[in-house]
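In what follows, a single structure is set out as structure tokens and then discussed.
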């Protein structure tokens, strides 16, 4: 079977793009990510998106508070996920929030 240059380039582009997309999809899943349904997370009202905090249930929440700028967050503010001293080995979303928030 004779392969043309055009066929080779098309196949190479397809393989390269599928590898790139699979890498993005793999990076989107965070191992040990804390779930909002986790019992410990529910006790402190953890949410992965601070903009969705129930302000009537958690009146101590203030705009601008997130895991990224909490003193319990163990990661860089620019990281999407990082550790939290409150949740052990679980990773929390940097844009998340819980009632244990403490200002740096």
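In mature numbering (1 follows the signal peptide of the UniProt record, and there is no 0), the protein residues as written are -27 to -1, 1 to 77.
Yeah, the Cβ is synthetic: ideal placement off N, Cα and C, and Gly gets one too.
From a predicted model like this one, the values you see are computed outputs, not experimental measurements.
Taking 7 Å as the cut-off, is the beta-carbon of residue 76 closer than that to any non-hydrogen atom of the ligand SAM? As far as ligands go, the structure on display features none, and thus does not contain the ligand SAM.
Original post:
Thinking C-beta only, is residue 55 closer than 8 Å to residue 48?
Top reply: Along the chain shown, read from residue 1 onward, the residue named residue 48 stands at position 75. Along the chain shown, read from residue 1 onward, the residue named residue 55 stands at position 82. In contact: residue 48 and residue 55 (Cβ atoms closer than 8 Å).
Whole-angstrom Cβ separation of residue 75 and residue 43, contact assumed at under 8 Å? In the chain shown, counting from the first residue as 1, residue 75 sits at position 102. In the chain shown, counting from the first residue as 1, residue 43 sits at position 70. That belief holds up - the Cβ atoms of residue 75 and residue 43 are roughly 6 Å apart, short of 8 Å.
Classify residue 91: buried if its beta carbon has 16 or more other beta carbons within 10 angstroms, exposed otherwise.
Within the shown structure, residues of the chain are numbered from -27 to 77, placing residue 91 beyond reach of any answer.
### Message
Short of 6 Å in beta carbon distance, which residues of its chain neighbour residue 60, apart from the five on each side in sequence? Order them along the chain.
### Response
Working through the chain shown from its first residue, we reach residue 60 at position 87. Result list for residue 60: 7, in chain order.
Residue 64 - containing beta strand (DSSP E), residue span
Start at 1 with the first residue of the chain shown, and residue 64 comes out as number 91. 64 to 66 is the extent of the beta strand (DSSP E) around residue 64.
*Close beta carbons around residue 31, own chain, < 6 Å, minus the five adjacent residues each side*: Counted from its first residue, the chain shown places residue 31 at position 58. So the list reads 18 and 72, once near-sequence residues are dropped.
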